[in-house]
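Chains as they are written, first to last, in the working numbering: chain A, 1 to 219; chain B, 1001 to 1303; chain C, 2001 to 2197; chain D, 3001 to 3810.
Heads up, the thing below is written out as structure tokens.
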Amino acid sequence: MSRPNTVIVRYTAVNRVNHWITAICFVLMVLSGLSMFHPMLFFLSALFGGGQWTRAVHPWIGIVLLISYLGLIIQFWRENLVEREDIEWLKQAQFVITNEEENAPEVGRNNAGQKIVFWSMTFLIPVLFLSGLVIWEVYFGEATSIPVQRAAALIHSLAAVAAIIVWVVHVYAAIWVRDSMRAMTQGYVTPGWAWRHHRKWLKELASDPQSKHLIRKRP
Amino acid sequence: MSDLQSQDFIRISASTMTPPSARSHEDQVAKLIDVSRCIGCKACQAACMEWNDLRQDIGHFEGSYQNPDDLSPSVWTLMKFAEYENEQGNLEWLIRKDGCMHCADPGCLKACPAPGAIVQYANGIVDFVSDKCIGCGYCVKGCPFDIPRISKVDHKSYKCTLCSDRVSVGLEPACVKACPTGAIMFGSKADMTEWAGERIEDLKSRGFSNAGLYDPQAVGGTHVMYVLHHADRPSLYSGLPDHPQISPVVSAWKGILKPLAMIGIAAAALAGIFHGVTEGPNEVTEKDEEEGERALNETEKTP
Amino acid sequence: MALTRREFIKFTGLGLAASSLGMLGFGAAGEAQAAAVRPFKLTHATETRNTCTYCSVACGLLIYSMGDRAKNAHSNIIHIEGDPDHPVNRGTLCPKGAALLDVVHAPTRLKVPRYRAAGATEFKEVSWDFALDRIARLMKDDRDENFVEKNAAGTTVNRWTSVGMLAASASSSETSYLTWKVVRSLGMVVFDNQARV
Amino acid sequence: MTNTWQDIKNANIVVVMGGNAAEAHPCGFKWVIEAKIENGAKLVVVDPRFTRTASVADYYAPIRPGTDIAFLNGVIRYLLEKDAIQHEYVRAYTNAGLIVKDGFSFQDGLFSGFNEEKQSYDKSSWDYELDDQGFAKSDDTWQDPRCVINLLKQHVSRYTPEMVSRICGTPQDKFLHVCELMASTAAPDKAMTSLFALGWTQHSVGSQNIRTMAMVQLLLGNIGVAGGGMNALRGHSNIQGLTDVGLLSNLMPGYMTLPQDKDTSLDVYMSTKLYKPLRPGQTSYWQNYRKFFVSFQKAMFGDAAKQENDWAYDWLPKLDIPLYDIIKAFDMMNNGQMTGYICQGFNPLQAFPDRGRSRRGLSKLKFLVTMDPLDTETSRFWQDFGPQNPAKSAEIQTEVFQLPCTCFAEENGSLVNSARWLQWHWKAADGPGEAKSDIWIMSGIFHRLRDMYRKEGGAFPDPLLNVTWNYTNPIDPDPEELAKEMNGRALTDLTDATTSAVTKAGTLLDGFAQLRDDGTTASGCWIFTGCFTEKGNQMARRDATDPREQGIAPNWAWAWPANRRILYNRASADPDGKPWNPSKPVISWNGARWVGVDVPDYGPTVKPSDGVGPFIMNAEGLGRLFARDQMVDGPFPEHYEPLESPVENVLHPKVRSNPVARVLASDRPTFGDVKSFPYVATTYRLTEHFHFWTKHALINAILQPEEFVEIGEALAKEKGIEQGGWVKVKSKRGEVVCKAYVTKRIKPLTVDGKPTHVIGVPLHWGFTGQARKGYGANSLTPPVGDANTQTPEFKAFLVDVEKTSAPVTA
């Protein structure tokens, strides 16, 4: 297969750095969080220097995660607004899953699945943050009543599990849909990738003189 | 686990294993607090502080004899005072020694995520092993009696140990020994329960028809029990829970959620793996590239 | 209940407790806990019998001190608890007695004689010899000046009223007796103790 | 205490009045709880506040501070009216039937013999009619209107339940219920014990408070029996011992009294001491006074005390006034009559009434010596500590010596507990730094003075030069040697008159019966004889065996006198020697001798038929319902209002308070009246603290950190005082600014129709130590003393209270 000479910038450097800060934080949160969630995974706390360290750093990473994710929200909220065609796409999602994407409607910059990931995280991360604050013993141990803390702990766990599942889907999708990863590592996609997965977006790009700068020669 | 004789633990926090159960004949111990004999002298508090080398900061007078004002990492037991006017208009000064109840089914242990940080010995004592404590505060949320307190200094959880160091060498806890009026007794749980029965009879004969034993079964019974003159209303005694139980929220959190969550996460991952194995990757074809290029070029040419 | 209360109280005693509680089955737990729980801090401490210094119930005490009284070991009191053999307190102590350790080691315990000169705003540390020499001198000068040998009626009265003494309430009877001898042999009559307050 | 701590468990009724045993003596109080559990006893508490003792009581009745005599006289009236007395006991063992002199009378609040000018009584009319042989006349049928029981009936007739309620503020039904409970112990096999402490003593009528209850106990037959008695719960660990050894201005060891100016010779002195029995065949300790005295002089002065010099009688100082007590001492200081003061383990700035007066007094001294393990307020009276101790150091010319002492854990010795047990204790460690024992310090002062007198001469050095000091280590005498000296020894070979047994010279004596008045025995404190014998240190005995678990433990330590555990135990048996309560006998007559768990109160072979009365301290051998000459303020107890009281004396308005209370004229202007100070205050201790010591101990400072007063909800509401808010409590003498504890445990009492509020003032705070700084309750208290014992009236005085803000501290 000949390598195309033209590529399309999908994520800017700022986009990517922000994403990866979020991703690293999220992974650390998952590892530290799970170690405190299930005894089977307590061994993960060793990665952080033991249980005390795990307990201590988890909320701080959470703060970084939240701030970082706020950055992502600011950068991506507009392109993740839900549109009527997202529903159509979802209805045809079985074609996507079976790699028969050509049978599904054309997709803009983000498909409905990506939007679901975005909005799930946009909902879950603040929930995790707020419920996390309530159970952040060191600073807020006495700020709320114990029943509130119990509820917060339960909500925190539920939200975390949901977020992890969303994250698993997100990561798998990135692997499954080949070359997607490059968009988030090197920032660009090929016209073919765009044609295959986000044809509508490609067409818009192509017809929009404002977007010329996004189309460049392969570096 | 370290070099502990694990046969002597019947519960260990954050352990997925069933502790060994070969030693099945160890007597359960219990501390019986007979509120009707208690004069609120705080000897138990003093003895506890002295034996356990605990000294809270000197506080202020806060409108009650209750001092310090709350349990803390250095206050493991605390006399609580309630002025109660009964139906006859007579004053009763209900004084209760608060502290860990050493539940048979300890909520703290259930909530604890650090393996071995909370243990329950075969004699019933629930003990915090601070070496393993991570300071998360889950025990605080798990406890139905609001007992554990997390230190702001070393971030470890503290509470009454039932003087496990004394009991382990065959002595009674320090508070029990000190108690001037015998309001705190210590022995086997069976003996204490029986003795409580005698005390309740006596109290009934003195007009306290609702006298009874506080050994709440919803937490499996406790290894610290109270003889109350008003066993029908424990909350009169500075908010002793009327119906203590491990909160359903905590049970859900530490019970069903744990396996469900693991299954859920695993299922998501497995789904991905099986999808990958069965459907394979979604790859861009050469045709796609051509089409893509074409789409780009077309527009480039058309303006 | 199989045990009488007296026996019950008895076996909470130090010596008996170890064996009796052991028989009840607490001993087995001990083995396990020994590895997990805080080490028992009195294992080889020296035990001294004493009597509580506060009220007149006179509870028996066991004072535990570091060291085995070897020549090179300086005894330091590390723990005080009730004497289980004592017929009155049977091992119990009140909140004052249970906290005796903190009065023995109070930061405001005096360690050196101190002297405050007339009009001074601070104490200064002095030697015992300075303090006792000066006190004796002040006492003698005043006694020689104000001692009343005979009253107006000519009766020998031998009294000294211008220096007085308040005796303690917690010192031993032996100390009291010696104090009485010193005070009365000087003719002192302004003499009282804390019996009333 | 007449009985032991453990003996309380034998009681059927425990009355705590004039004390707060649970709070002040928790470990002794366990025996009250045991009485409830083991003996089904009922605990009755009568107190102005609902105390910690009340919290475990079966019955609580409130009372206005300072009105206990009215209450108890009401009880006596009830008992006599309902005939709820133990007849046989009262007839045989009390002076109910003795006939009182015609001259005795009581009118308008005054007994016969009152001298207005001297504010004292001539007690000569307070006596029995005597027959030709000098024995008291009696009427065993109680028909004679002048016999004690009839005079008593007449005296208490005014104390009807209505009157009691009017004076005390106790609701009538509660008063009557308490009467009923007490009356239930008139049965011979039932006992009531009275536990009391400073709640009775710290009044201008302190001794009479106790006496009234003693009379109730005599009428109920509760003295001398198991579970009975009058049990003064003494405050300090060795205050009993200090009193026993006579460390009071007018005392000598063993309750002998110091000569007065009128005792111009030994014979004159002795003539007032040797009691003549008032009934045929009666015995009395005091018949042996001369033996005790001479033996004491031999211990004190050794060979220098000789027959020729009247056993050095003149070397003892004589008193020109009855007492040089603390109230007098501080008055003298304020008048510039004192040069120096030595405080041995005592903190008068905190402990004495009217703190301002104490501070001014100390400022006028030339020198002050304090000997204490702790940094006391007294030793720093001259230092400015802000509002809690405003002092201008530069203006105070007192030289102060603060001498560091060892504490209980750092010395050997014996302490006498409330039950008269002498218990030996052992040193556990050395004291900190250069701290020295009181024995070393007193010896140091002694040697320096003696050397100076030897070198320089000076005023009458004879006693100082001749006092015995033959200790192995004269600069730091061994407590054991001192204990042996108090016990006493034979100075020559002694032969017992009846048994012909010989006691070798130098041998330690076994009992005070061996003491002689011919200089052949020496004993520093006769009541302690037997505590350290040739068999060893009896005070160190540790055999806790307790026959029948009756609470005697006769082989634990040693009790004075003669290892007797229950005083007046002869009264535990009926006149024939059979125990009143067969299930709890103390001693009984087996036909040949007295046997039982305790040492009998008199000769073990004295037959019941000899009719010797059980109360052998009294000349008539009987318990006194009529006090004859012992009390200075009347042979019967009478209700007098406290010196500061919110109401008139409704019984006799002209004689409002105790006419012979100890009040110095110079202090009268410091008393406030109800117009300016409308509330009754009472001071007390909290269980978390011991006086002013434990605020130095961190644990206790944590357990009760800060000064407060207790105020009832009604008064708090009236005054706008919030829970835990700041208040200022003022008396005519000073003020305290502290936190308020608004409580349901103090309720207003209706006294003579008017609501009366009581304010509780705990007394533990000062300006040294670890607890938060406080003003101290004695900033408020009046310098008034009980007529008999001069104990200050800390339990009833007047104050005002107002809401305020936190004090500004430096």
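Just so it is clear, CB atoms sit at the ideal spot from N, CA and C, and this is done for glycine as well.
Counting only C-beta atoms, is residue i closer than 9 Å to chain B at any point?
{"i": "C/Thr2161", "result": "no"}
{"i": "A/Ile135", "result": "yes"}
{"i": "C/Pro2107", "result": "no"}
{"i": "A/Ser131", "result": "no"}
{"i": "C/Leu2024", "result": "Bear in mind that a pLDDT of 39 at C/Leu2024, under 50, signals an unreliable position, so the number given afterwards is only what the model happens to contain. So, interface residue."}
{"i": "C/Asn2089", "result": "yes"}
Under a Cβ-count criterion, where at least 16 other Cβ atoms within 10 Å of its own Cβ denotes burial, should residue i be classed as buried or exposed?
{"i": "C/His2044", "result": "exposed"}
{"i": "D/Phe3330", "result": "buried"}
{"i": "D/Leu3098", "result": "buried"}
{"i": "D/Ser3666", "result": "exposed"}
{"i": "D/Gln3307", "result": "exposed"}
{"i": "D/Pro3792", "result": "buried"}
{"i": "C/Asn2193", "result": "buried"}
{"i": "D/Leu3130", "result": "exposed"}
{"i": "A/Asn80", "result": "buried"}
{"i": "D/Met3617", "result": "exposed"}
{"i": "C/Ser2127", "result": "exposed"}
{"i": "D/Ile3439", "result": "buried"}
When you compare each of the options to residue i by their alpha carbons, which one comes out closest?
{"i": "D/Phe3767", "options": "D/Gly3753, D/Ala3544, D/Cys3147 and D/Thr3378", "result": "D/Thr3378"}
{"i": "D/Leu3494", "options": "D/Met3182, D/Thr3520 and D/Asn3473", "result": "D/Thr3520"}
{"i": "A/Tyr69", "options": "A/Asn80, A/Glu88, A/Phe118 and A/Glu102", "result": "A/Phe118"}
{"i": "C/Ser2176", "options": "D/Ala3497, D/Gly3413 and D/Gln3402", "result": "D/Gly3413"}
{"i": "B/Arg1199", "options": "B/Arg1011, B/Ala1014, B/Ser1036 and B/Lys1031", "result": "B/Ser1036"}
{"i": "D/Leu3278", "options": "D/Ser3393, D/Thr3670, D/Arg3146 and D/Gln3133", "result": "D/Gln3133"}
Could you check whether residue j and residue i sit closer than 9 Å to each other, using their CB atoms as the reference points?
{"i": "A/Gly192", "j": "B/Asp1288", "result": "yes"}
{"i": "D/His3128", "j": "D/Asn3073", "result": "It should be noted that the sequence gives Tyr, not His, for residue 3128 of chain D. Contact flag unset, no."}
{"i": "D/Trp3560", "j": "D/Val3751", "result": "no"}
{"i": "D/Gly3246", "j": "D/Ala3191", "result": "no"}
{"i": "B/Ala1030", "j": "B/His1223", "result": "yes"}
{"i": "D/Phe3708", "j": "D/Lys3739", "result": "yes"}
{"i": "D/Ala3571", "j": "D/Trp3589", "result": "no"}
{"i": "D/Leu3749", "j": "D/Gly3386", "result": "no"}
Could you tell me whether any Cβ in chain D is nearer than 9 Å to the Cβ of residue i?
{"i": "B/Met1049", "result": "yes"}
{"i": "B/Thr1181", "result": "yes"}
Please confirm if residue i has its CB atom under 9 Å from at least one CB of chain C.
{"i": "B/Ala1174", "result": "yes"}
Can you find a CB in chain A that lies within less than 9 Å of the CB of residue i?
{"i": "B/Ser1015", "result": "yes"}
{"i": "B/Glu1083", "result": "no"}
{"i": "B/Ser1002", "result": "In this predicted model, B/Ser1002 has a pLDDT of only 34, less than 50, meaning its place in the structure is not dependable; the value taken from the coordinates is given anyway. Not one chain A Cβ lies under 9 Å of B/Ser1002."}
Specify the secondary structure class of residue i as computed by DSSP and reduced to three states.
{"i": "D/Ala3592", "result": "coil"}
{"i": "B/Gln1066", "result": "coil"}
{"i": "C/Arg2049", "result": "strand"}
{"i": "B/Gly1197", "result": "helix"}
{"i": "D/Gly3774", "result": "coil"}
Is the beta carbon of residue i within less than 8 Å of some heavy atom of the ligand MG?
{"i": "D/Glu3648", "result": "No copy of the ligand MG appears in this structure; indeed no ligand is present at all."}
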